[in-house]
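Numbering (the numbering used here), first residue to last: -17 to 235. Even glycine gets a Cβ: it sits at the ideal position worked out from N, Cα and C.
Encoded structure:
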């Protein structure tokens, strides 16, 4: 009937039986490969066949990257929370795994660990079933291999997400500064052209589109409102909180 079902719990197991598979509609999915399952030689062949270029760089020198628009928003929020707490990704894994851990994190251990790290406070008021869906989305994304638990090699996928998050923020700011003669005050006046003093998420995205930027600007907004510990609901961005991204730009300089 045209209703979109995001299948947050994954493909229903009932579909294993042919008579329980829907008879109509469109099914779309994305192929995801766990970092430990990458076939570098095959990817090199595909590059040679379709891109007409031969990759001669050793695999260990490749900087792997993940498009942040292709992962659940909960995973982006997890990266932002870890970044806000200034914690090392590997350290977070060890904390969740526990002092007597076995080097693997299952669904239950992930839920308990994120609770202790302050996930609920970070996300704000949520129903219990919503929190469980958030944890499940994170677990399914990081456990791309499909096993019942994830290893540190699976967890390190977050570093690839972090690379793209930082790059997205950098590119958004570079564009805004370029059209504002590298002046933060001029940048804000272009964004807040109605002089309201603040921008919520929709106003921010609308302003970016009006200024000709069509990249993933949502990440920059979420990063600012998280690091500035916005207390308004919904969170808003101000000239002062936006200026906090100057530190991010200095890091990339």
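Of the residues 87, 55 and 6, which one's Cα is nearest the Cα of residue 138?
The shortest C-alpha separation from residue 138 is found at 87.
Using three-state DSSP, classify residue 236 as helix, strand or coil.
Since the first residue shown for the chain is -17 and the last is 235, residue 236 is missing from the structure and cannot be characterised.
Look up residue 187 in the DSSP assignment and say whether it is helix, strand or coil.
In the structure shown, residue 187 sits in a helix (DSSP, three-state: H, G or I).
Nearest to residue 57 by CA position, among 82, 124, 109 and 99, is which residue?
The option with the nearest alpha carbon to residue 57 is 124.
Among 120, 160 and 81, whose alpha-carbon lies nearest the alpha-carbon of residue 93?
Closest by alpha carbon: 120.
Which of the three DSSP states is assigned to residue 162 in this structure?
In the structure shown, residue 162 sits in coil (DSSP, three-state: anything other than H, G, I, E or B).
Leaving out the 5 sequence neighbours to the left and right, which residues in its chain are closer than 7 angstroms to residue 122 when beta-carbon positions are compared?
Around residue 122: -8.
Using the C-alpha atoms, what's the distance from residue 33 back to residue 99?
Their backbone Cα atoms lie some 44 angstroms apart in a straight line.
Between the alpha carbons of residue 30 and residue 16, how many angstroms are there, rounded?
Computed Cα separation, rounded: 23 angstroms.
Of the choices 140, 179 and 97, whose alpha-carbon is the least far from that of residue 117?
Among 140, 179 and 97, the Cα nearest to that of residue 117 belongs to 97.
Are residue 221 and residue 170 touching if we call contact CB-CB under 7 angstroms?
Yes. Within cutoff.
Restricting to runs no shorter than 3 residues, where is the beta strand (DSSP E) found entirely within the region 26 to 60?
Segments of the beta strand (DSSP E) lying fully in the region 26 to 60: there are none.
Pull up the distance between the alpha-carbon of residue 153 and that of residue 195, whole angstroms please.
Going by the C-alpha atoms only, they are around 10 angstroms apart.
For the alpha helix (DSSP H) containing residue 20, name the first residue and the last one.
Premise fails: residue 20 is in no alpha helix (DSSP H) and is neither H nor E.
I'd like the ranges of any alpha helix (DSSP H) spanning at least 4 consecutive residues and lying wholly in the region 77 to 103.
Counting whole runs of 4 or more residues, the region 77 to 103 contains the alpha helix (DSSP H) stretches 89 to 99.
Please report how far the alpha carbon of residue 5 lies from the alpha carbon of residue 126, in whole angstroms.
About 28 angstroms.
State the DSSP-derived secondary structure class of residue 169, mapped to helix, strand or coil.
In the structure shown, residue 169 sits in a helix (DSSP, three-state: H, G or I).
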